[in-house]
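>
Chains as they are written, first to last, in the numbering used here: chain A, -6 to 335; chain B, 9 to 304.
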């Protein structure tokens, strides 16, 4: 999935101000002097197949607009969106309907379940839209109701369920269509913290067996780093950085991002492979390279060591790490708003 | 200055000619097409007469049973069933049975016609802003113009009788169902519609699966209002030859018969309340997903 040079401008005549934006006019001056609102500016993003791509940004950064371009709930001002080598923006009305029915599905922030349909009917909604009979659809959706842990609630209406359960219905509905591309628009943002963490784990577990291509929108950096294979950060309609989660922390592209990351518990997200050295002496303890620093520290603690070898997933020795280095990597660099203890 | 004291009018002769032109051209129109229109409405007239006759000639216990069953099916409430039966027994006991049956006949047919035309127009208005801005002033006129004013052209075209009466009732009673259908559909949660779009629902699927079911409470309120307004028109319609409870009321007005007027007036009220309660209960039951909220 690929987004190429995407622009979205809201206003009476978007195309007239497109050249100004290419010349780098600021968002405020565009609104003040020309009466247009900049939604997205020159976004190019290549989403890896079967991975979770997180798009993170604060409200107004354009992340919800961006995700809606992929199934064309929002029409772009300029640009291209490719899914499986097909340019989504060139689809005819019928092709678009078929694309939305079969190839892409969506999970919404406020669940957007059909209030007059029960759980089973909601999960079956996408399948029925594909043209399936109700009986087959109910049979097929049973599996998904099971996967999200809602067996026994088939006949309940959405208003009888808690927020977390409603969003499980939302996820089951999205997965049931069999679409390979899953768009999640702040899917967990309206849930309380415990439920949210629960749902993140459910999503990761489902993803480990399903291997969908997921685009996940969030305003929460912790959530972004936890579930993303890649994280893109949007600010005022511009793509500021796109990288793997630990690099967002280790190599923030600018002050804006480093301000965010200073609040993050680094040990949870930085991997051993990022802090290891290529050379060193052998040690008694062996760690795997995709362990987080927190996990590595636990190992050091329980074995009473201060040095370790690092191996990759195949078991080859690829480097060395010591306790001091691990602890140092947990302290955010200077100038990020957090004071170092003297 | 004189112009400020006397409003500049178009002149008496001109005004008279102006009205004459309108009157005579409409008269010509009704002479040319009146019969065609009457023929056009003939099946409706037959149906109306047939339905009225059925209601009047059927044995009264059968009608009471039918009413009790309908009340039960609609409301599932014993209070309403018993109330309806008692009301009809009292109406019959006071000798108003036939008129009441005639009124029910015309109200049912009028309501049916209003639903048949009103709901599709409401759906159209919800879909297209242009249709909405075209129909809204028309509905305003239909609701506010004194009923006697549109009785004139209707009577000129179709004469006196059941069909013009029925048309008059429909003109008066159709606006609420159109407006509330439009409103109900427009009030459907945008997020739910966005979800439907995201899952590839066509316009038709969105309409039948989501918009109409979620607009049902409002549509039902519209049907309810339509019936109430049709009942309110019964007396006026009786002026142009519609049989029913309006006729004795009209006689009571012209002869100052207090008791006759009040009795028949109360019979109309009883019908209104019975229809209203049954429909309201039915509307509520359709919305069972909104009740028993466990969370939130």
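All C-beta atoms, glycine included, are put in the ideal place defined by N, C-alpha and C.
Along the stretch 199 to 217 of chain B, where does the CB come closer than 9 Å to a CB of chain A? Name the residues.
199, 200, 201, 202, 203, 204, 205, 206, 207, 208, 209, 210, 213, 217
> Which of the three DSSP states, helix, strand or coil, is assigned to residue 220 of chain A?
Within the first chain, the letter at position 227 stands for residue 220 of chain A. Helix, per DSSP.
> Give a yes or no on whether the minimum CB-CB distance between residue 101 of chain A and chain B is below 7 Å.
Taking the first residue of the first chain as position 1, residue 101 of chain A is located at position 108. So, interface residue.
> Name the two residues that bound the continuous alpha helix (DSSP H) containing residue 269 of chain A.
What you label residue 269 of chain A is simply residue 276 of the first chain in a count that begins at 1. Run containing residue 269 of chain A: none; DSSP gives neither H nor E here.
> Would a C-beta distance cut-off of 7 Å place residue 47 of chain A and residue 181 of chain A closer than the cut-off?
Within the first chain, the letter at position 54 stands for residue 47 of chain A. Within the first chain, the letter at position 188 stands for residue 181 of chain A. No, these two residues do not count as a Cβ contact at 7 Å.
> Give me the DSSP bridge partner(s) of residue 211 of chain A.
Within the first chain, numbered from 1, the residue matching residue 211 of chain A stands at position 218. BP columns for residue 211 of chain A point to A:49.
> Only counting the same chain, and skipping five residues up and downstream in sequence, which positions put a Cβ closer than 7 Å to that of residue 58 of chain A?
For the purposes of this step, residue 58 of chain A is identified with residue 65 of the first chain, where counting begins at 1. So the list reads 1, 32, 33, 67, once near-sequence residues are dropped.
> To which residues does DSSP link residue 79 of chain A through a beta bridge?
As a working mapping, residue 79 of chain A is identified with position 86 in the first chain. The partner list for residue 79 of chain A (beta bridge, DSSP) reads A:76.
> Sort B:104, B:161, B:207, B:62 by Cα distance to residue 164 of chain A and report the nearest one.
Indexing the first chain from 1 puts residue 164 of chain A at position 171. Of the candidates B:104, B:161, B:207, B:62, the one whose C-alpha sits nearest the C-alpha of residue 164 of chain A is B:207.
> What did DSSP end up calling residue 99 of chain A once you bin it into helix, strand or coil?
Residue numbering aside, residue 99 of chain A sits at position 106 when the first chain is read from its first letter. Residue 99 of chain A falls in the strand class under three-state DSSP.
> Can you find the residues in the same chain that come closer than 6 Å, C-beta to C-beta, to residue 310 of chain A, ignoring five residues on each side of it along the sequence?
Along the first chain, read from residue 1 onward, the residue named residue 310 of chain A stands at position 317. Closer than 6 Å at the Cβ level, and outside the excluded window around residue 310 of chain A, lie 302, 304.
> Check whether chain B comes within 7 Å of residue 133 of chain A, counting only Cβ atoms and requiring the distance to be less than that.
The residue given as residue 133 of chain A occupies position 140 in the first chain. It does not: the Cβ of residue 133 of chain A has no partner Cβ on chain B nearer than 7 Å.
> Using a Cβ cut-off of 8 Å, which residues of the stretch 219 to 248 of chain B contact any Cβ in chain A, in chain order?
221, 222
> Counting only beta-carbon separations shorter than 7 Å, does residue 15 of chain A have a partner in chain B?
Translated into positions along the first chain, residue 15 of chain A becomes position 22. No, residue 15 of chain A lies away from the interface with chain B (no Cβ there is under 7 Å from its Cβ).
> Would you list the residues sitting across from residue 224 of chain B in a DSSP beta bridge?
To locate residue 224 of chain B, count along the second chain from 1; it is residue 216. For residue 224 of chain B, which the question treats as bridged, DSSP gives no partner whatsoever.
> Can residue 280 of chain B and residue 176 of chain B be called in contact, C-beta distance under 7 Å?
Start at 1 with the first residue of the second chain, and residue 280 of chain B comes out as number 272. Start at 1 with the first residue of the second chain, and residue 176 of chain B comes out as number 168. In this structure, residue 176 of chain B does not lie closer than 7 Å to residue 280 of chain B by Cβ.
> At the level of alpha carbons, what is the spacing between residue 176 of chain A and residue 137 of chain B?
In the first chain, counting from the first residue as 1, residue 176 of chain A sits at position 183. In the second chain, counting from the first residue as 1, residue 137 of chain B sits at position 129. C-alpha separation (whole angstroms): 31 Å.
> Starting from residue 309 of chain A, trace the alpha helix (DSSP H) in both directions and tell me its first and last residue.
One-based indexing of the first chain puts residue 309 of chain A at position 316. Taken as a continuous stretch (DSSP letters only), residue 309 of chain A belongs to no alpha helix (DSSP H), as it is neither H nor E.
> Looking only at its chain, what residues have a beta carbon closer than 7 Å to the beta carbon of residue 45 of chain B, apart from the 5 residues adjacent to it on each side?
For the purposes of this step, residue 45 of chain B is taken as the residue at position 37 of the second chain. Excluding positions up to five away in sequence, the list reads 165, 166.
> What do you get for residue 160 of chain B, buried or exposed, if any count of 16 or more other CB atoms within 10 angstroms of its CB means buried?
Stepping through the second chain from its first residue, residue 160 of chain B is reached at position 152. Per the 10 Å Cβ criterion, exposed.
> Please report how far the alpha carbon of residue 84 of chain B lies from the alpha carbon of residue 74 of chain B, in whole angstroms.
One-based indexing of the second chain puts residue 84 of chain B at position 76. One-based indexing of the second chain puts residue 74 of chain B at position 66. Cα to Cα, residue 84 of chain B sits roughly 14 Å from residue 74 of chain B.
> Look up residue 304 of chain B in the DSSP assignment and say whether it is helix, strand or coil.
By one-based count along the second chain, residue 304 of chain B stands at place 296. In this prediction, residue 304 of chain B has a pLDDT of 37, which is less than 50 and means its spatial position is unreliable; nothing more can be read from the coordinates.
> Starting from the beta carbon of residue 146 of chain A, find every residue of chain B whose beta carbon is closer than 8 Å, and list them in chain order.
As a position in the first chain, residue 146 of chain A is number 153, starting the count at 1. Those within 8 Å of residue 146 of chain A in chain B number zero; the least Cβ separation is about 11 Å.
> Between residue 119 of chain A and chain B, is there a C-beta pair that is closer than 7 Å?
As a working note, residue 119 of chain A is residue 126 in the first chain. Yes, its Cβ sits closer than 7 Å to a Cβ of chain B.
> Should residue 167 of chain A and residue 134 of chain A be called a contact, given that it needs their Cβ atoms to be closer than 7 Å?
Reading the first chain from its first residue, position 174 is the one you call residue 167 of chain A. Reading the first chain from its first residue, position 141 is the one you call residue 134 of chain A. Result no, Cβ atoms of residue 167 of chain A and residue 134 of chain A do not sit closer than 7 Å.
> Would you tell me roughly how many angstroms separate the C-alpha atoms of residue 199 of chain B and residue 232 of chain B, rounded to the nearest one?
In the second chain, the residue the question calls residue 199 of chain B occupies position 191. In the second chain, the residue the question calls residue 232 of chain B occupies position 224. Take the alpha-carbon of residue 199 of chain B and the one of residue 232 of chain B: they are about 29 Å apart.
> Who does residue -5 of chain A pair with in a DSSP beta bridge?
Taking the first residue of the first chain as 1, we reach residue -5 of chain A at position 2. BP columns for residue -5 of chain A point to A:39, A:75.
> Counting only beta-carbon separations shorter than 7 Å, does residue 64 of chain A have a partner in chain B?
Along the first chain, one-based indexing puts residue 64 of chain A at 71. Yes - at least one Cβ of chain B is within 7 Å of the one on residue 64 of chain A.
> As an exercise, report each continuous alpha helix (DSSP H) stretch of at least 4 residues that is fully enclosed by the stretch 227 to 291 of chain B, in chain order.
Counting only runs of 4 or more, we get 242 to 246, 254 to 263.
> Is the beta carbon of residue -1 of chain A sitting closer than 7 Å to the one on residue 72 of chain A?
Position 6 of the first chain, counted from the first residue, corresponds to residue -1 of chain A. Position 79 of the first chain, counted from the first residue, corresponds to residue 72 of chain A. Result yes, Cβ atoms of residue -1 of chain A and residue 72 of chain A sit closer than 7 Å.
> Pick out the complete beta strand (DSSP E) segments inside the stretch 48 to 114 of chain B, 3 residues or longer, and give them in chain order.
none
> List the residues of chain B whose Cβ lies closer than 7 Å to the Cβ of residue 189 of chain A, in chain order.
Position 196 of the first chain, counted from the start, is the residue given in the question as residue 189 of chain A. Those within 7 Å of residue 189 of chain A in chain B number zero; the least Cβ separation is about 16 Å.
> Put residue 301 of chain A into one of helix, strand or coil per three-state DSSP.
Taking the first residue of the first chain as 1, we reach residue 301 of chain A at position 308. Residue 301 of chain A: strand per DSSP, three-state reduction.
> Pick helix, strand or coil for residue 235 of chain A, following the three-state DSSP scheme.
Translated into positions along the first chain, residue 235 of chain A becomes position 242. Three-state result, residue 235 of chain A: strand.
> Comparing the C-beta of residue 90 of chain A with each C-beta of chain B, is any distance below 7 Å?
Residue 90 of chain A sits at position 97 when you count from the first residue of the first chain. With 7 Å as the cut-off, residue 90 of chain A counts as an interface residue toward chain B.
> Just mark residue 248 of chain A as buried or exposed, buried being the case when its beta carbon has 16 or more other beta carbons within 10 Å.
The sequence position of residue 248 of chain A within the first chain is 255, counting from 1. With fewer than 16 Cβ atoms within 10 Å of its Cβ, residue 248 of chain A is classed as exposed.
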